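Below is one structure; the comments refer to it alone.
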Amino acid sequence: MNRLFSGRSDMPFALLLLAPSLLLLGGLVAWPMVSNIEISFLRLPLNPNIESTFVGVSNYVRILSDPGFWHSLWMTVWYTALVVAGSTVLGLAVAMFFNREFRLRKTARSLVILSYVTPSISLVFAWKYMFNNGYGIVNYLGV
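According to numbering that gives the first Met the number 0, the stretch in the sequence shown is residues 0 to 142, in order.
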């Protein structure tokens with residue numbers, strides 16, 4: 000009980016334990032981000048044998064002056080807003096419907112939940128058969 004109120008913080012030890020995960024996650028996020036920022040300032044040909052040339056902000060000027068970009072951006076924002084609003088309204092309506100008392104309510108709830116669980120179950124069985132020792136496809140791949 001004295002250890003609980005000793006005044007010492009466990010934060011340094013917690014950070015020490017978290018450091019490898021944070022470094023890995025930071026590398027997995029930071030490296031592609033920095034690489035993409037670098038690529039955005041280059042004219043990068045599809046052929047990897049051809050040298051890339053530094054073009055500065057001309058890529059940004061070109062994309063921001065293109066009306067097709069602004070149209071695509073507006074359509075993306077509009078689509079996102081509609082999907083979020085529609086999903087919220089539909090989800091709330093379904094939740095309110097299943098919250099009311101009616102005959103076979105438990106069965107209907109089970110069927111709705113089953114539709115969420117079924118893809119996961121089928122995926123588990125697919126992986127199970129792929130890695131089966133006797134007849135799994137992974138055996139034939141030589142892995």
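Virtual Cβ for every residue (Gly too), placed ideally from N, Cα, C. Given the structure is predicted, the values throughout are model-derived calculations rather than measurements.
In terms of DSSP beta bridges, what is residue i paired with?
i    : result
R61  : DSSP lists no partner for R61.
R108 : Paired residue(s): none; R108 is not in a bridge.
R42  : T52
Assuming residue i and residue j make a contact with CB atoms under 8 angstroms, what is their CB distance in whole Å?
i    : j    : result
R42  : V54  : 5 angstroms
V137 : M129 : 6 angstroms
S159 : N58  : Residue 159 lies beyond the residue range present for the chain, which begins at 0 and ends at 142; the question has no answer from this structure.
If I measure Cβ to Cβ from residue i and keep anything under 8 angstroms in the same chain, skipping five residues before and after, which residues do I get?
i    : result
W126 : none
V56  : F40
Spatial neighbours of residue i within its chain, please: C-beta separation below 7 angstroms, excluding the five flanking residues on both sides.
i    : result
V116 : none
R108 : F97
F68  : I62
Does the Cβ of residue i have 16 or more other Cβ atoms within 10 Å, making it buried, or fewer, making it exposed?
i    : result
L140 : exposed
M0   : Because M0 carries a pLDDT of 47, less than 50, the predicted location of this residue cannot be relied on, and the following value inherits that uncertainty. Exposed, by the Cβ-count rule.
In its own chain, which residues sit with a C-beta less than 6 angstroms from the C-beta of residue i, not counting the 5 before and 5 after it?
i   : result
T52 : R42
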